[in-house]
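**Q** The structure's right below; bear with me while I get my questions together.
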Amino acid sequence: MRSLPHLDVGAPTVTSAIELRSVTRLFGAMPAVVRVDLRVERGEVLVLRGPNGAGKSTLLRIVATSLTPTYGGGWVLGHDLLREREEIRRRTDLLTHRTRLYEDLTAAENLELWCRLLGIDLEAVPPALERVGMLEVGGERVRGFSQGMRQRVAVARAIVRRPELLLLDEPYTGLDAEARHAVDDLIRESARDGRTVVIATHHPVPDAIVKRELTVDGGRIVREAP
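Structure representation (structure tokens):
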């Protein structure tokens, strides 16, 4: 799909991790996100609420640059959303039910690959797998894993990467209580380190670490929780 010309949106605010201006995304003639203006401060933990099909996932994918806005623009971590996509991707991790793991590699090899790409010490891999309860099966190929096990490995990848911006799309789906605690710990750790987290979920998130909640419906931000 061909996008409309880039919108001149001025300059980013220094303190913002995400700044969207009039962002719209169409699928054919159907709008998924409609003229969204959104600013997320660096170090903020933001929760997006809303029904299925509200546009939450599409919004996260736009921020992660896996989707391009049909119209509008903005910045992520100070980088232009349309012109500096590779830089945004290097500093951002998007965790969804599509775990982006290599099935023919083991759990450990998947994490080691990211370590080599990003210059991270390989010694970070075993502790990350242990935190999500996957150390004992770290030498097994992902191909044989259940969806919940794959989700655990994806969480371990985020633990290893320590991205400046962590985007979580329904991160608790398919996880047992132990793995959900690992997700909560990841969010807490990111917040403690001053990193930014945006979570789209129907599930409860520990109130102590959530700074703001927004409701998304019909592709629009319709309400901010008090």
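Residue numbering for the sequence shown follows the numbering used here, beginning at 29 and increasing consecutively.
Each residue gets a CB set at the ideal place from its N, CA and C atoms; glycine is no exception.
All values derive from a computational prediction rather than experimental measurement.
Can you tell which of VAL183, ARG63 and LEU54 has its C-alpha closest to the C-alpha of VAL250?
**A** Nearest C-alpha to VAL250: ARG63.
**Q** Only counting the same chain, and skipping five residues up and downstream in sequence, which positions put a Cβ closer than 8 Å to that of ARG67?
**A** Correct list, in chain order: THR41, SER44, ILE46, GLU47 and LEU48.
**Q** At what residues does the beta strand (DSSP E) containing SER50 begin and finish?
**A** Where SER50 is concerned, the enclosing beta strand (DSSP E) stretches over 44 to 55.
**Q** Any idea if SER174 is buried or exposed, counting beta-carbon neighbours within 10 angstroms, 16 or more meaning buried?
**A** With fewer than 16 other Cβ atoms within 10 Å, it is exposed.
**Q** Quick one, which of ASP149, GLY161 and GLY222 has its alpha-carbon nearest LEU193's?
**A** LEU193 has its Cα closest to that of GLY222, out of ASP149, GLY161 and GLY222.
**Q** For the 8 Å Cβ check, are there 3 or more pairs between the segment 214 to 230 and the segment 75 to 83?
**A** Yes, since at least three Cβ pairs between the segment 214 to 230 and the segment 75 to 83 fall closer than 8 Å, the two stretches touch.
**Q** Classify ASP112 as helix, strand or coil using the three-state DSSP reduction.
**A** The residue you asked about is not Asp; residue 112 is Glu in the sequence shown. If DSSP states are grouped into helix, strand and coil, GLU112 belongs with coil.
**Q** Between which two residues does the beta strand (DSSP E) holding GLU194 run?
**A** The sequence shown places Leu at residue 194, rather than the Glu named in the question. Element bounds for LEU194: 193 to 197.
**Q** Could you tell me the boundaries of the beta strand (DSSP E) in which ASP245 lies?
**A** From DSSP, the beta strand (DSSP E) with ASP245 extends over 240 to 245.
**Q** Would ALA207 and GLY166 qualify as a contact pair, given that the criterion is a beta-carbon distance under 8 Å?
**A** No.
**Q** Could you give the uninterrupted runs of the beta strand (DSSP E) lying entirely in the segment 73 to 113, keeping only those of 3 residues or more?
**A** Listed in chain order, the complete beta strand (DSSP E) runs (minimum 3 residues) inside the segment 73 to 113 are 73 to 77 and 99 to 104.
**Q** Please report how far the alpha carbon of ARG102 lies from the alpha carbon of THR96, in whole angstroms.
**A** Residue identity differs from the one stated: residue 102 is Gly in this sequence, not Arg. In a straight line, the C-alpha of GLY102 is about 11 Å away from that of THR96.
**Q** Compare the Cα-Cα distances from GLU112 to each of ARG240, THR124, GLU164 and THR93 and report the closest residue.
**A** Of ARG240, THR124, GLU164 and THR93, the residue nearest in Cα terms is THR93.
**Q** Short of 6 Å in beta carbon distance, which residues of its chain neighbour LEU196, apart from the five on each side in sequence? Order them along the chain.
**A** Result list for LEU196: LEU123 and ILE227, in chain order.
**Q** Between ARG180 and the rest of its own chain, which residues show a CB-CB distance below 8 Å, the 5 nearest in sequence each way excluded?
**A** Taken in chain order, the residues that qualify are VAL160, GLY161, MET162, LEU203, ALA207 and ALA210.
**Q** Assuming VAL119 and LEU105 make a contact with CB atoms under 8 Å, what is their CB distance in whole Å?
**A** It should be noted that the sequence gives Arg, not Val, for residue 119. About 5 Å; that satisfies the 8 Å criterion.
**Q** By how many angstroms is the C-alpha of LEU54 removed from the C-alpha of LEU133?
**A** Spanning the two alpha carbons is a distance of roughly 36 Å.
**Q** Taking all protein chains shown into account, do 16 or more other C-beta atoms lie within 10 angstroms of the C-beta of GLU252, making it buried, or fewer, making it exposed?
**A** So GLU252 counts as exposed.
**Q** In angstroms, rounded to a whole number, what distance separates the CA positions of ASP26 and VAL91?
**A** Outside the shown range of the chain, which is 29 to 254, sits residue 26, and nothing can be said about it.
**Q** Could you tell me the distance, in whole angstroms, from the CA atom of PRO199 to the CA atom of LYS84?
**A** The alpha-carbon atoms of PRO199 and LYS84 are separated by roughly 13 Å.
**Q** How is PRO59 classed by DSSP in three states: helix, strand or coil?
**A** DSSP places PRO59 in strand when its eight states are reduced to three.
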